[in-house]
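As they're listed, the protein sequences go chains G and S.
For the first sequence, the numbering used here assigns the number -11 to the initial residue and increments by one for each residue that follows.
For the second sequence, the numbering used here assigns the number 170 to the initial residue and increments by one for each residue that follows.
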Amino acid sequence: MPLESATRAVRTGLIAFAFLSYLILIGIPGRIGGPALPVLALIAALFFWLILRRESIGQFRQVSGVGQDSSEGKPGWEIGPQAGANGSRVRELLPSRFGTPLVLKGLVSGVTTGLLVAIVSGIFATAMGNGVAIQPVLDKIVPLNIAALIGVSPGQIAQSDVSFIRFLVQVLLFAGAGILAALVAAAGRNEPAQNALTGRLSAHLSGPTIRSGGRFAGIALPFVLLVYIAWLGLPGVTAFGTNEGTVRLLLTLIATGSGLFALRLCRPGREKLVVAVLLGLGVVTMPFILDQFQNSVMGLVFIFVMMGLGLNIVVGYAGLLDLGYVAFFAIGAYTYAFLSAPFSSPYISSLLILLGISPESPLLGYWMALPVAMLTAAVGGVLLGIPVLRLRGDYLAIVTLGFGEIIRLFMLNLGELTNGPRGILEISQPALFGLTPVDVTFGLLSSQGWIFLLALVSSALVAFIANRLNGSRLGRAWFAMQEDEDVAEATGVHLVRTKLLAFAIGATFAGMAGQLYAARQINIFPENFSLFVSIDALALIIVGGIGSPAGIVLGALALKGLPEVLRGVDEYRIVTFAALLVIMMIVRPDGILPSPRRRIQLADPEEAVGDSDQETGEALADGDGGKEEDQ
Amino acid sequence: MTSSPVKAQAAGTDGRAAMKQFTRALGAAIVILVVWRVTTVGLAEGYPASFWISQALNGLVLGGVYALVALGYTLVYGILFMINFAHGEVMMIGGITGFFALQFAQARGWMEGPWPVVVVALLLIMFIGMAASVLIGVTLERLAYRPLRQAPRLVPLISAIGASLFLQYSVLLIFGVSPHSYRKPALISGGLRLGDVFIPYTGAIIFVISILLMLALYFIIQRTKLGRAMRAVAEDRSTASLMGVDVNAVIVVTFMLGSALAGAAGVMLGFHNTVVKFNSGFIPGLKAFTAAVLGGIGNIPGAMFGALILGLIEAIGPSALGIPTEYKDVIAFTLLVLILIFRPTGLFGEVLSEKRA
């Protein structure tokens, strides 16, 4: 067996193990119970089959980032000439590696995965058998998982009553999975016929009739979903039995997301305008037909859309990686809280009494407080911006992260001003001309629906402003600065002003979002403003496609909305999402819905060089350290 | 925004000059404020000298641990020019693994044995922690960083943030939210009393081991062939590869060395703080990064001294400034911000700064 295919087979086994360990991590084996091991082996077999089939067809060559030498070029699936980085293309297109039978490859992959599973479960079982409590309080999930993996009961593990045969069975099972996958892949080796079939099918699918039909269906989908959601809201109607609220929430998320795709499917011009207006009307009706829970989730989603749009100005447009964005969110929220809560904190109350104002009544309403919150956040943005003007990309990230933490620590420890961990309670709700919309609409609009509506309108406004800014002189200055600060300055971009404006405008939007968040939460505490808010905001613009407003909405729906649907698996959210972040960076660094104009927003000038000149990849690799701002 | 390019250019230079003036004034103001605060509040409290000495010793112990972690940041930065954001988590993994090794040893009764057994067991625990950290560090490099080596600079940083979160929350899922508490064996639980100053054994041992490990690292880098290869790669990767240095292997070894030090730091921090949990690597990681920046990132002796200085400031700062100890994290972060504003190349200068300037 040649070394190259052996290492590749081992690598396949390693990747399969990585995926399985994720499943184990989120507690799948423990939930399945007895048949967990065969199920995992089947999943592994499926994975092996996917890889082996691809190898047996030999058409695609994985140039994916995982486990590749950096000299082989850009990550991603690449076809054709690119694939022949270290071998001729002809060899790649041959039906298989003649030298190595697929079965042997499958066996090696399977044994690799099996051995790793056996080693990991063996270590845990040995530890638990020797009186090591893995989880001090909730010593349940891990033993169940490990027991299911080994195929014994948790009690047996605790008494270290596990025979060695069990681990051998694990290895054999996975080896079997590898062989099975190889056999299936080999059986399907007469691919050309199938390929012709799928080829014809896809040609048919892309035919003009089907295509316009699909387009029409795509545009109609959000409206159909909306009508269905409204129908589900009628009294006495249920969907799929019990869990109706979650189903409606999921449908709402899908409807909103599909609306974005519908817009993309439209022809530019009148059609797009009409659909956009209809979609806008449809979205605005949502707060009226959803219930309190669904509205609160959607409100949060759109508050994060505002955050994402604001952060996008700083990161996406101006290219300044800001990890302390939560600071401005917190400033907005706390400013509104100070102004509107009946008793905000000892310090504020005594200040008010000193000024002769009763601390019992809110100082300013939502609308009067809005400019104050925005201005405070903007000032915060400039104050953060001034010291970090000279910093480079990754230093900037760490310093802003430090700022975010400093703000949180102050909120936590300045008890006299911020009430410390006890938070600020009973923040007043936004009113409309002195009336609450809940009363005006006779209960049709719930309080959370009102927040959702406000979030929708505000994020539309923010999106509009951001879009106008992007096309403006300032937007082009940001873009130029992001590409190369020195060149930008030489062509007349005022760096200090441009950077500070980016920070200030981004912070303003975060302040708006923070104020609305405070109104949504009613009571706010310092732990609402942890680093994870920054990371969530950053992640949603990265996942959605940096620089693209539609992508941001999609990212917010996926990252803030979906976890609410998947309640109960919420604790796995961060793990899943962190893994996705890494994979996303490797496979698709420009997001799900990348902005058409800016393919890679995080790009350095070196990127262009690296693209055009693959051969000298390694030599150029240190080019990323080459360009620095002058200090 | 309507000024002509020439004017804007002039404004830009004016802006820079004004910025310089501004930062100078800011620096002077901060120095005056700190001096005033220390003299009027900190010293006015009238703590005895022994208090300051024991605080300083505490700071040195913490500084030693930070130094081990900071070295990992500096080594990786020196070679790859990337901030290994997940390095704090690599340390935490070492701490967690060390905890379980300790529990295992205690369950076996090794910790109550004669002193040679205890010493060997403790060393073994540290090695197990180091091994786990090395495993995680190398995996991290392979999966999350190597595919992105030619990507724009911020892409690996985001990937590193993802990796950091992934490690933290995997540990949370496996080992639970609540902290795991290290139980010190009787042999090292006491302390030494010199007059009014109390030195716990663990503190002294941690400091000695940190210094030994740092010396070992320094030896490896300055005296061995491997170290020469590492320095060559840090200097110029492409030329080094032309000279026959296996760049990938050197990078892997760099991650191994950094992670091993972090693992040792994790175990020792576990003994020092007596608890480890899923996020106990995050703040020390940030502080170690601060230390690396303080000493000039990429500069190995700089990282060691920077960490010791940071440890001292953190231990003495709150009492000297007369503020509650909850603010010690704020002091560290503020220090980071101030260094980056006033002396971005660190106290001892970035070793590679001229190349990248």
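Every residue, glycine too, gets a C-beta built ideally from N, C-alpha and C.
Predicted model only: the values in this text are computed from it and were never measured.
Which residues mark the beginning and the end of the alpha helix (DSSP H) in which residue i is found?
{"i": "residue 517 of chain G", "result": "Premise fails: residue 517 of chain G is in no alpha helix (DSSP H) and is neither H nor E."}
{"i": "residue 484 of chain G", "result": "483 to 509"}
{"i": "residue 546 of chain G", "result": "Unbroken run through residue 546 of chain G: none, as it is neither H nor E."}
{"i": "residue 407 of chain G", "result": "Unbroken run through residue 407 of chain G: none, as it is neither H nor E."}
{"i": "residue 461 of chain G", "result": "461 to 471"}
{"i": "residue 280 of chain S", "result": "Where residue 280 of chain S is concerned, there is no enclosing alpha helix (DSSP H), given that its DSSP letter is neither H nor E."}
{"i": "residue 147 of chain G", "result": "Where residue 147 of chain G is concerned, there is no enclosing alpha helix (DSSP H), given that its DSSP letter is neither H nor E."}
{"i": "residue 334 of chain G", "result": "334 to 343"}
{"i": "residue 311 of chain S", "result": "Here residue 311 of chain S belongs to no alpha helix (DSSP H), and DSSP marks it neither H nor E."}
{"i": "residue 282 of chain G", "result": "280 to 300"}
{"i": "residue 270 of chain G", "result": "258 to 277"}
{"i": "residue 482 of chain S", "result": "469 to 490"}
In whole angstroms, what separates the C-alpha of residue i from that of residue j?
{"i": "residue 69 of chain G", "j": "residue 399 of chain S", "result": "In this prediction, residue 69 of chain G scores a pLDDT of 42, lower than 50, which makes its location untrustworthy; no coordinate-derived value is stated."}
{"i": "residue 270 of chain G", "j": "residue 320 of chain G", "result": "30 angstroms"}
{"i": "residue 132 of chain G", "j": "residue 505 of chain G", "result": "40 angstroms"}
{"i": "residue 296 of chain G", "j": "residue 387 of chain G", "result": "20 angstroms"}
{"i": "residue 189 of chain S", "j": "residue 376 of chain G", "result": "13 angstroms"}
{"i": "residue 350 of chain S", "j": "residue 445 of chain S", "result": "6 angstroms"}
{"i": "residue 140 of chain G", "j": "residue 150 of chain G", "result": "8 angstroms"}
{"i": "residue 271 of chain S", "j": "residue 294 of chain S", "result": "6 angstroms"}
{"i": "residue 254 of chain G", "j": "residue 211 of chain G", "result": "14 angstroms"}
{"i": "residue 487 of chain S", "j": "residue 574 of chain G", "result": "43 angstroms"}
{"i": "residue 395 of chain G", "j": "residue 457 of chain G", "result": "29 angstroms"}
{"i": "residue 415 of chain S", "j": "residue 451 of chain G", "result": "49 angstroms"}
{"i": "residue 153 of chain G", "j": "residue 511 of chain G", "result": "57 angstroms"}
{"i": "residue 223 of chain S", "j": "residue 367 of chain S", "result": "7 angstroms"}
{"i": "residue 323 of chain G", "j": "residue 97 of chain G", "result": "58 angstroms"}
{"i": "residue 474 of chain G", "j": "residue 482 of chain G", "result": "11 angstroms"}
{"i": "residue 498 of chain S", "j": "residue 519 of chain G", "result": "15 angstroms"}
{"i": "residue 263 of chain G", "j": "residue 207 of chain G", "result": "8 angstroms"}
{"i": "residue 282 of chain S", "j": "residue 360 of chain S", "result": "20 angstroms"}
{"i": "residue 442 of chain G", "j": "residue 288 of chain G", "result": "11 angstroms"}
{"i": "residue 381 of chain S", "j": "residue 250 of chain S", "result": "27 angstroms"}
{"i": "residue 17 of chain G", "j": "residue 130 of chain G", "result": "10 angstroms"}
Exposed or buried, residue i, counting other C-beta atoms within 10 Å across all chains shown (16 or more means buried)?
{"i": "residue -9 of chain G", "result": "exposed"}
{"i": "residue 404 of chain G", "result": "exposed"}
{"i": "residue 436 of chain G", "result": "buried"}
{"i": "residue 592 of chain G", "result": "For residue 592 of chain G, the predicted structure reports a pLDDT of 44, less than 50, and the residue's modelled location is therefore unreliable. A value from the coordinates is still provided. The residue is buried, with at least 16 neighbouring Cβ atoms inside 10 Å."}
{"i": "residue 292 of chain G", "result": "buried"}
{"i": "residue 260 of chain S", "result": "buried"}
{"i": "residue 341 of chain G", "result": "exposed"}
{"i": "residue 493 of chain S", "result": "exposed"}
{"i": "residue 163 of chain G", "result": "buried"}
{"i": "residue 244 of chain G", "result": "buried"}
{"i": "residue 219 of chain G", "result": "exposed"}
{"i": "residue 347 of chain S", "result": "exposed"}
{"i": "residue 264 of chain S", "result": "buried"}
{"i": "residue 93 of chain G", "result": "buried"}
{"i": "residue 470 of chain G", "result": "buried"}
{"i": "residue 394 of chain S", "result": "exposed"}
{"i": "residue 205 of chain G", "result": "exposed"}
Taking the continuous beta strand (DSSP E) assigned at residue i, which residues delimit it?
{"i": "residue 368 of chain S", "result": "366 to 369"}
Mapping DSSP to helix, strand and coil, what is residue i?
{"i": "residue 360 of chain S", "result": "strand"}
{"i": "residue 252 of chain S", "result": "coil"}
{"i": "residue 350 of chain S", "result": "strand"}
{"i": "residue 377 of chain G", "result": "coil"}
{"i": "residue 222 of chain G", "result": "coil"}
{"i": "residue 507 of chain S", "result": "helix"}
{"i": "residue 656 of chain G", "result": "The shown model of chain G, from -11 to 619, leaves out residue 656 of chain G, and the question about it has no answer."}
{"i": "residue 536 of chain G", "result": "coil"}
Looking at the ligand FAD, does it come within less than 6 angstroms of residue i, judged from the CB to the closest heavy atom?
{"i": "residue 202 of chain S", "result": "With respect to the ligand FAD, the structure shown offers nothing to examine, as it has no ligands at all."}
Minimum length 4: unbroken alpha helix (DSSP H) runs contained in the stretch 89 to 135 of chain G: 90 to 117
Ignoring anything shorter than 4 residues or poking outside the stretch 392 to 447 of chain S, list the alpha helix (DSSP H) runs there in chain order. 394 to 404, 406 to 411, 416 to 442
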